[in-house]
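Trainee:
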């Protein structure tokens with residue numbers, strides 16, 4: 007027997023529906039939305055402004071410091087530069103430690119210290135002209151901040167680490183393994199897929215275990231988009247030029263992995279363990295791009311007008327199917 | 031862990047506050063049991079439909095061009111009108127079928143492109159084309175009950191307005207357009223509860239509200255583009271003044287709505303800070319517009335608006351510092367000063383107006 011609809015959780019969607027069907031006045035709707043926390047009260051506003059000032063202030067100050075050292079001011083001695091940066095890193099880390107890493111201000115200070123550490127390494131390279139490849143700067147930076155990332159329990163710190171690792175890998179490939187102008191870098195795409203895929207699996211696992219600081223959805227979306235994109239690029243290259251398939255066997259690996267990842271995502275994000283309509287939509291958007299490219303490649307698009315009509319209908323058909331399926335899945339979840 | 035509030039609890043609370051009649055509970059239960067199966071289309075599904083529609087318009091246009099049925103601008107206009115009227119009927123009779131709806135949307139957009147290009151080819155007059163586009167979009171917003179098409183119509187009408195201003199050489203009129211778009215966006219989102227209960231506005235406010243927000247930010251992109259002969263010189267601080275006034279009005283509404291007196295010290299502090307920001311960023315109205323959208327998004331608990339605001343705020347901030355005509359050293363000092371200023375402001379706010387609830 008279905009539950010009494012009045013005993014289901016009150017959501018803004020349901021109360022908006024009641025307002026639309028004229029059961030609620032605008033005043034009643036506003037009151038209900040405020041009680042549910044959808045419309046903020048004065049305390050929520052106060053906290054919002056507080057967080058906004060903190061994050062914006064930290065971001066601008068850090069950007070200013072990085073630009074300052076990028077300018078490489080000749081009037082400033084090397085020791086002063088090192089002194090200022092080291093004092094900055096030390097005082098921020100000390101502030102984070104004293105303030106506590108469960109507070110937003112403490113977490114922001116640790117993130118700022120991690121970013122400043124990169125500026126310190128860059129100044130080191132600037133002053134001593136070490137001649138080292140750029141990838142080593144990012145890799146050293148990533149290694150040095152790893153303990154803070156582990157301690158910090160703060161999603162932006164993890165994102166910083168992942169960005170640094172991605173940059174290190176790309177630059178290592180460009181500078182050491184594969185000089186510019188050589189063949190398409192399928193092997194690099196596959197390694198980037200592996201790196202981001204491992205991060206995505208780690209995030210999924212933490213998310214499902216209810217790790218509080220990883221419950222924010224945006225990090226998962228970024229990781230998913232990055233992982234999927236690194237497989238989609240070689241797949242599209244293969245479709246555009248089939249010759250790559252024969253000359254570079256790794257392209258077929260990328261295509262198979264892309265198909266497998268999409269199929270798995272479409273199953274996993276609608277399974278009992280995990281419901282995520284946005285990630286399903288992103289997967290289907292990827293399918294739309296890949297299938298449309300493939301159909302456009304196979305059709306004789308020169309002067310054959312019917313081919314263009316078929317292409318348009320294929321896109322419309324895909325979008326209709328994707329929309330229908332997504333709405334059905336959403337409806338099923340709401341009924342459950 | 032707090033217990034989750036049920037609809038029954040909330041309705042009881044509304045009854046206790048005389049916001050609902052007790053005998054309304056039974057019809058509400060009926061409505062919920064019959065309509066709970068209906069699900070709204072999430073924004074990203076709408077985005078997928080809109081992108082898919084535009085992707086299909088291109089091959090459709092090539093298909094029509096290759097058919098060689100358009101020999102004159104008049105034939106383009108006629109075919110455009112046939113497609114537009116045909117799709118309006120198709121959409122009216124077919125509300126549920128997704129494929130036909132998507133086909134109707136694509137053919138309608140194709141019809142619009144043909145109609146506008148046909149008018150431009152026939153009249154060789156920018157003003158007539160822009161006015162015809164305006165007329166077409168207003169009709170479509172009223173007649174074609176589809177959120178995506180209505181949203182796109184706002185954007186197309188905004189582009190037509192820009193073209194019209196350019197053609198009439200009323201270049202500074204863009205500031206009026208910007209202020210109107212901002213005021214429209216504020217009104218659409220602030221009066222959301224009233225719109226939801228209004229028969230006509232209930233279906234209109236969301237596509238138009240999002241359309242106004244995106245159109246506002248897109249027009250303001252002009253303020254950060256590099257100088258070129260194609261863009262006439264504009265006095266951007268005119269827009270900043272208008273947008274700062276809109277922001278002040280929004281803050282006034284929010285303060286009053288939260289029971290804070292307009293003569294209270296914190297109200298004055300907020301107004302003074304807003305005017306200072308307006309003065310400091312007088313060449314960058316995009317930042318003020320993004321702040322307006324951010325506040326609107328937070329007030330309505332609308333994450334899509336907040337996400338849009340954050341994206342545009344980042345773009346306008348980066349452009350602001352990139353275009354500052356000073357050395358990198360001075361830029362860095364300006365950035366650090368602004369950052370430290372905001373942190374000091376936060377510290378002062380915390381001391382003068384302490385948080386009434388625990389923690390951050």
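Residue numbers (the working numbering), protein chains in the order written: chain A, 7 to 342; chain B, 31 to 390. Cβ coordinates follow ideal geometry from the N, Cα and C atoms, glycine included. All of these numbers come straight from a predicted model, not from anything done at the bench.
Would you tell me roughly how many angstroms separate the C-alpha atoms of residue 267/B and residue 244/B, rounded to the nearest one?
Mentor: About 21 Å.
Trainee: Using a Cβ-Cβ cut-off of less than 7 Å, list which residues of the region 80 to 100 of chain B approach chain A; keep chain order.
Mentor: So the close ones are 82, 85, 86, 89, 90, 92, 93, 96 and 97.
Trainee: Over what stretch of residues does the alpha helix (DSSP H) that includes residue 45/A continue unbroken?
Mentor: Segment: none, residue 45/A is in no alpha helix (DSSP H) and carries neither H nor E.
Trainee: Would you mind working out which of 370/B, 84/B and 40/B sits nearest residue 40/A, comparing C-alpha positions?
Mentor: Cα-wise, what sits closest to residue 40/A is 40/B.
Trainee: Quick check on residue 15/A: does DSSP put it in helix, strand or coil?
Mentor: Here residue 15/A sits in strand by DSSP.
Trainee: Within 10 Å of its beta-carbon, does residue 330/B have 16 or more other beta-carbons around it, so buried, or fewer, so exposed?
Mentor: Buried: at least 16 other Cβ atoms inside 10 Å.
Trainee: Whole angstroms are fine: how far does the CA of residue 327/A sit from the CA of residue 264/A?
Mentor: Going from the Cα of residue 264/A to the Cα of residue 327/A covers about 20 Å.
Trainee: Determine the DSSP secondary structure at residue 83/A, reduced to helix, strand or coil.
Mentor: DSSP places residue 83/A in coil when its eight states are reduced to three.
Trainee: If distances are taken between C-alpha atoms only, which option among 283/A, 57/A, 17/A and 10/A comes closest to residue 63/B?
Mentor: For residue 63/B, the nearest C-alpha among the options comes from 10/A.
Trainee: When you compare each of 66/A, 304/A, 333/A and 231/A to residue 271/A by their alpha carbons, which one comes out closest?
Mentor: Checking every option, the nearest Cα to that of residue 271/A belongs to 231/A.
Trainee: If we count the other Cβ atoms within 10 Å of its Cβ and call it buried at 16 or more, is residue 31/B buried or exposed?
Mentor: Residue placement at residue 31/B is flagged as unreliable, the pLDDT there being 42, under the threshold of 50; the coordinate-derived value follows with that caveat. Burial call: exposed.
Trainee: Kindly give me the distance between the Cβ atoms of residue 16/A and residue 37/B, rounded to whole angstroms, as I take these residues to be in contact under 8 Å.
Mentor: Confirmed, about 5 Å.
Trainee: Check whether the region 65 to 75 of chain A touches the region 115 to 130 of chain A, counting contact only when three or more Cβ pairs, one atom from each stretch, lie closer than 8 Å.
Mentor: Verdict: yes, contact present.
Trainee: In chain A, which residues lie less than 8 Å from residue 370/B when you measure between Cβ atoms?
Mentor: 63 and 67, listed in chain order.
Trainee: Does residue 362/B get closer than 8 Å to chain A when you measure Cβ to Cβ?
Mentor: So yes, residue 362/B belongs to the interface.
Trainee: Can you check which of these residues, 318/A, 338/A and 336/A, is closest to residue 93/B by C-alpha distance?
Mentor: Of the candidates 318/A, 338/A and 336/A, the one whose C-alpha sits nearest the C-alpha of residue 93/B is 318/A.
Trainee: Tell me whether residue 154/A is buried or exposed, calling it buried when 16 or more other Cβ atoms sit within 10 Å of its Cβ.
Mentor: Result: buried.
Trainee: Starting from the N-terminal side, write out each stretch of the alpha helix (DSSP H) that is 4 residues or longer and does not extend beyond the region 172 to 236 of chain B.
Mentor: Taking only runs of at least 4 residues, the alpha helix (DSSP H) segments lying wholly in the region 172 to 236 of chain B are 177 to 197, 203 to 220 and 222 to 226.
Trainee: Take residue 308/B and list the residues in its own chain whose beta-carbon comes closer than 7 Å to its own, dropping the five residues that flank it on each side.
Mentor: Hits under 7 Å: 270, 274 and 318.
Trainee: Could you tell me whether any Cβ in chain A is nearer than 8 Å to the Cβ of residue 32/B?
Mentor: Residue placement at residue 32/B is poorly supported in this model, since its pLDDT is 48, which falls under 50; the coordinates are not used for a value here.
Trainee: According to DSSP, simplified to helix, strand and coil, what is residue 36/B?
Mentor: Looking at residue 36/B - three-state DSSP - the assignment turns out to be strand.
Trainee: Is the CB-CB distance between residue 120/A and residue 149/A below 8 Å?
Mentor: The answer is no: Cβ separation not under 8 Å.
Trainee: Can you name the residues of chain B whose CB is closer than 7 Å to the CB of residue 350/A?
Mentor: No statement about residue 350/A is possible, as the shown extent of chain A runs from 7 to 342 and does not include it.
Trainee: How big is the Cα-Cα spacing for residue 79/A and residue 326/B?
Mentor: If I take the Cα positions, the gap works out to 42 Å.
Trainee: Is it the case that the Cβ atoms of residue 202/B and residue 265/B are separated by a distance below 8 Å?
Mentor: Yes, the pair counts as a contact, with Cβ atoms nearer than the cut-off.
Trainee: Which runs of the alpha helix (DSSP H), 4 residues or longer, sit entirely within the region 109 to 174 of chain A?
Mentor: If we require 4 residues or more, the alpha helix (DSSP H) runs fully inside the region 109 to 174 of chain A come out as 110 to 134 and 140 to 158.
Trainee: By the three-class DSSP mapping on this structure, what secondary structure does residue 105/A have?
Mentor: Helix, per DSSP.
Trainee: Which same chain residues, not among the five before or five after residue 305/A, have their C-beta less than 7 Å away from its C-beta?
Mentor: Cβ within range, chain order: 313, 316 and 317.
Trainee: Would you tell me roughly how many angstroms separate the C-alpha atoms of residue 282/B and residue 133/A, rounded to the nearest one?
Mentor: Approximately 53 Å between the Cα atoms of the pair.
Trainee: Could you pull out every unbroken alpha helix (DSSP H) segment of at least 4 residues lying fully inside the region 173 to 239 of chain A, listed in chain order?
Mentor: Listed in chain order, they are 192 to 214.
Trainee: Closest to residue 142/B by C-alpha separation, out of 84/B, 98/B and 97/B, would be which residue?
Mentor: The shortest C-alpha separation from residue 142/B is found at 84/B.
Trainee: Show which residues of chain A have a CB atom less than 9 Å away from the CB atom of residue 469/B.
Mentor: Residue 469/B lies beyond the residue range present for chain B, which begins at 31 and ends at 390; the question has no answer from this structure.
Trainee: State the DSSP-derived secondary structure class of residue 250/A, mapped to helix, strand or coil.
Mentor: If DSSP states are grouped into helix, strand and coil, residue 250/A belongs with the helices.
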